[in-house]
Amino acid sequence: MTMHKAIAALLVTAALAGCAQTEGQQRATTGALVGGAGGALVGQALGRDTKSTVIGAASGALLGAVVGSATTPQRRGEQLCRYQDRYGRIYTAPCDDRYYRGDY
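Position one of the sequence shown corresponds to residue 1 (full-length UniProt numbering), numbered consecutively onward.
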């Protein structure tokens, strides 16, 4: 019966993972799920008891959440650049890729 509860908890957690609002939160949740599952497997393989499985799952979930959150690509803040059109008028607009590459 314990295995059924664990599977149900995993399914509920996976379903709620889609409700996270930002990409960082989604990646942290996915990392926690994958890390928790992997940690539980490693804990069970090493200790062969419930305590080792729970410690492995908790450690894996924590590590997975940290790695998932840390590897989220950072979005650039929208910078405004000044441009001059062919008639000499100066205007501001979001910077193009040349600004971010340093080719301006």
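The beta-carbon is built from N, C-alpha and C at its ideal position, and this holds for glycine as well. These figures come from a predicted structure and were not determined experimentally.
Where the alpha helix (DSSP H) containing residue 27 begins and where it ends: 23-47
Residues near residue 28 in its chain [Cβ-Cβ closer than 6 Å; skip 5 each side]: 65, 68 and 69
Along the alpha helix (DSSP H) that carries residue 50, what are the first and last residues, could you check? 50-70
Using only CA atoms, which one of 32, 82 and 86 lies nearest to residue 94? With distances taken between Cα atoms, residue 94 lies closest to 82.
For the candidate residues 37, 46, 73 and 47, whose alpha-carbon lies nearest to that of residue 57? Out of 37, 46, 73 and 47, 37 has the C-alpha closest to the C-alpha of residue 57.
Separation of residue 40 from residue 73, as counted between CA atoms: 28 Å
Please go through the same chain and pick out, in chain order, the residues whose beta-carbon is closer than 6 Å to the beta-carbon of residue 92, but skip the five residues on each side of it. 80 and 82
Where do the N-terminal and C-terminal ends of the beta strand (DSSP E) with residue 91 fall, by residue? 90-94
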